[in-house]
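Student: Using this note's numbering, you'd call the opening residue of the sequence shown number 668 and step up by one each time.
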Amino acid sequence: MPRQSRLKSDIAIYHVMQRGINKQTIFYDDEDCFTYLQFLQECKEKSGFELYAYCLMGNHTHLLIKEVKEPLSLIFKRFGTKYAYWYNQKYQRCGHLFQDRFRSEPIKDDRQFIAVLRYIYQNPIKAGICERPEDYKWSSYRYLDNNYQLIDKNGITEIISIDELKSLTRVNTEEQFLDLKSIRMSDREADLWIKDRFTNGISSENLKLESGFQEACYKMLYELYEKGCSIRQLARLTGISREKIGRILKSNLKSKPAKRTVPLVAPVRSD
C-alpha cells in the first residue's frame, strides 16, 4: 500500500514525532540522547532547517522544525539512518529503529505554533517524569533563557516572548484553556489600526523623517505589539525588518515594563 502524502504547511513549520518501531526504546541512557542531539546538530548544519523545540522521551521524540533548504523527508532519511546505524552498533541489533521514519503535523498559524511548543515542553510532566518542565534534562525548555546553537530562539520570540511562553507552559491543568484569538489581531485589523492613525502607513522610509513622526511610529508599533501582533506580523504589514522592529520594541519595553496578558491555548492533536 503506497504511503499517504504528507500534509504541507504554508509556513513550512511542522510538529514532527519519531517513534521507536513497536514502541522500541530509542534512548536507554544519556549517551543515546547526547548522540541523537549531536547528529541532529550536524544534520541542521547541512540541511539548513530551523529547530524551535525538542523533547526526547524514552521511545519517541518531539521536534518543532522549519524546512529551509531541504524537505523533511530528506532531512529525516539522512538523520534517522545515521542515528539508527549508531544505535544498532551500540546495542548489537539490526533492522529498523523508527516507525515510518517520522510523523508530521503542519503548523498553520502562530496560535498553533505556541500550542505545540507548550505541548512539547509539557510532555515529561504529563508522563509523570517531572513536575516542572525545567527539571527535564532532555528538553529544549531548559535553554529558553540561554543561547543554544541547536535552537533558533529568534523564531520563537518573533511570535511570543520567552516570559509569556514560560508562563503558558507552567499551567498544566487539562481543564484550563483560554484562547489566543482573544489577543491576536488579524492582519486586516492591524492594517486598519495603522491607517486610522497614519494615512500613508508606516514604512522604513517614513521612519527617516522628522523625529516626531518617528516617535509616533515607534509608539504605534509598541501599541500593536501590546494588542497581540507578533514581530513577524508587524514586519509583514509595515515592510520594516524584523530585526529593526525587535530593537524598537526592546527600547520601548525598557521604558514601559508592562507585559501582555497571554491566555492558554487549546490543546492540539497529539501523535
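Just so you know, even glycine gets a beta-carbon here, dropped at the ideal spot from N, CA and C.
Could you check what DSSP says for Q759 in three-state terms: helix, strand or coil?
Tutor: Looking up residue 759 in the sequence shown gives position 92. In this structure, Q759 counts as coil in the three-state DSSP scheme.
Student: Taking 8 Å as the threshold (C-beta atoms), are L784 and L943 in contact?
Tutor: The structure shown does not extend to residue 943, since the chain spans only 668 to 938, so no value can be given for it.
Student: Between which two residues does the alpha helix (DSSP H) holding T692 run?
Tutor: Taking the sequence shown and counting its residues from 1, the one referred to as residue 692 is at position 25. First-last for T692: undefined, no H or E at that position.
Student: Cα-Cα, which of H729, T728, G747 is closest to F706?
Tutor: Translated into positions along the sequence shown, residue 706 becomes position 39. Ranking the options by Cα distance to F706, first place goes to G747.
Student: Quick check on T692: buried or exposed, where buried means 16 or more other Cβ atoms within 10 Å of its Cβ?
Tutor: As a first step, residue 692 must be located in the sequence shown, where it is residue number 25. When all chains shown are included, T692 counts as exposed.
Student: Give the C-beta separation of R914 and R899 to the nearest angstrom, bearing in mind that I take them to be a contact with Cβ-Cβ under 8 Å.
Tutor: The residue you call residue 914 lines up with position 247 of the sequence shown. The residue you call residue 899 lines up with position 232 of the sequence shown. Not confirmed; about 15 Å, so no contact.
Student: Express the C-alpha separation of A679 and R903 in angstroms, rounding to a whole number.
Tutor: Along the sequence shown, read from residue 1 onward, the residue named residue 903 stands at position 236. Along the sequence shown, read from residue 1 onward, the residue named residue 679 stands at position 12. Straight-line Cα distance between these residues: approximately 17 Å.
Student: Suppose you measure from the CA of Y752 to the CA of K733; what does that come to, to the nearest Å?
Tutor: Counting from 1 along the sequence shown, the entry for residue 752 is found at position 85. Counting from 1 along the sequence shown, the entry for residue 733 is found at position 66. One C-alpha to the other measures close to 25 Å.
Student: Taking the alpha helix (DSSP H) that R899 falls in, what are its first and last residues?
Tutor: As a position in the sequence shown, residue 899 is number 232, starting the count at 1. Its alpha helix (DSSP H) spans residues 898–905.
Student: Contact defined as beta carbons within less than 8 Å: I believe L817 pairs with Q685. What is the distance between those atoms, to the nearest angstrom?
Tutor: Here residue 817 refers to the residue found at position 150 when the sequence shown is read from its first residue. Here residue 685 refers to the residue found at position 18 when the sequence shown is read from its first residue. Not confirmed; about 16 Å, so no contact.
Student: For the stretch 723–785, which segments carrying the beta strand (DSSP E) assignment without a break, of at least 3 residues, lie completely within its bounds, in sequence order?
Tutor: Correct list: 727–733, 770–773.
Student: Shortest alpha-carbon distance to Q756 belongs to which of Q779, I774, T702, Y885?
Tutor: Position 89 of the sequence shown, counted from the start, is the residue given in the question as residue 756. Nearest option by C-alpha distance: T702.
Student: In terms of residues, what are the limits of the alpha helix (DSSP H) holding R837?
Tutor: Start at 1 with the first residue of the sequence shown, and residue 837 comes out as number 170. Segment 829–837, the alpha helix (DSSP H) holding R837.
Student: Quick one: Cα of S676 to Cα of E737, how far?
Tutor: Stepping through the sequence shown from its first residue, residue 676 is reached at position 9. Stepping through the sequence shown from its first residue, residue 737 is reached at position 70. Spanning the two alpha carbons is a distance of roughly 14 Å.
Student: Can you give me the start and stop residues for the alpha helix (DSSP H) that Q816 sits inside?
Tutor: For the purposes of this step, residue 816 is identified with residue 149 of the sequence shown, where counting begins at 1. Element bounds for Q816: n/a, residue is neither H nor E.
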